[in-house]
Structures are given as structure tokens and as C-alpha cells.
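Working notes for the structure below.
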Amino acid sequence: MTGRVQGIDYLQFRADGRINLDIRAIPETDDGCRIALSADGVAVPRVAESVAKLAANHRLSTAAKDYAWVNTRQIWGYGTVNFATGKIHIDAYNQ
């Protein structure tokens, strides 16, 4: 699946350094289908770096017939975010 995504990330910075994530987004596939995405998880910054490790639980939902399979999937993502560049890399796995 490829396309573009627009959304918002709500971050809760804890005193112990952990960052709680609450993510809402609408990916739009290259063929024009929209999918609702919600995710929650954590980010843990690396010491003295602008990079944090990510772990998140993703849920997807759509009315598009070609992508109806996403409605039954539970997706876990692991990766990194670079706060200096704004780049995020996530490897996603489903059941």
C-alpha cells in the first residue's frame, strides 16, 4: 500500500523521559481510497541524541472495498523518529 498521509500526533512528555503517543491520521492510497488510522504507543529518546525509539499499536478502518482487509488487522509498529529532521521510520507487523 502506498500513498500520502495527513494527521496529528499528540505527545505527552513524562518526567522520566518517556513520551506517550496518541496518533490520528487519514492515509490516502495512490488510487484515492481513504483509511482512518489511530495509534497509541511510546517513544523513548536516546541519550544525547535527537532520535527516539518508537513502539506503537495501530488500528485501521475504511469503507473502501479494495482495502476492507485492513478492518480486521491488528498492526504493531517499531521504529525510530528523528526530531531534528522530522523523519519517521516504522516497520509494521500484523497478526
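Heads up, the final residue of the sequence shown is numbered 99 in our numbering, and it's a clean run with no missing numbers.
For each residue, glycine too, the CB sits at the ideal point set by N, CA and C.
{"query": "Buried or exposed, going by whether 16 or more other CB atoms sit within 10 Å of the CB of leucine 58?", "result": "buried"}
{"query": "Compute the beta-carbon to beta-carbon distance between isoleucine 23 and valine 74, rounded to the nearest angstrom, for a pair I have assumed lies under 8 Å.", "result": "With 8 Å as the limit, isoleucine 23 and valine 74 do not qualify as a contact, their Cβ atoms being about 26 Å apart."}
{"query": "Does valine 51 get closer than 8 Å to chain B when you measure Cβ to Cβ?", "result": "Absence of chain B from the displayed structure is noted, only one protein chain being present."}
{"query": "Out of Ala88, Ala29, Arg8 and Cys37, which has the shortest C-alpha to C-alpha gap to valine 55?", "result": "Ala88"}
{"query": "For leucine 15, count neighbouring Cβ atoms within 10 angstroms of its own Cβ and tell me buried if that reaches 16, exposed if not.", "result": "exposed"}
{"query": "Could you give the distance in angstroms between the alpha-carbon of arginine 50 and the alpha-carbon of glycine 21?", "result": "10 Å"}
{"query": "Taking the beta strand (DSSP E) that aspartate 95 falls in, what are its first and last residues?", "result": "91–98"}
{"query": "For valine 9, does the count of other Cβ atoms within 10 angstroms reach 16, so buried, or fall short, so exposed?", "result": "exposed"}
{"query": "Below 8 Å between beta carbons: does that hold for valine 85 and isoleucine 79?", "result": "no"}
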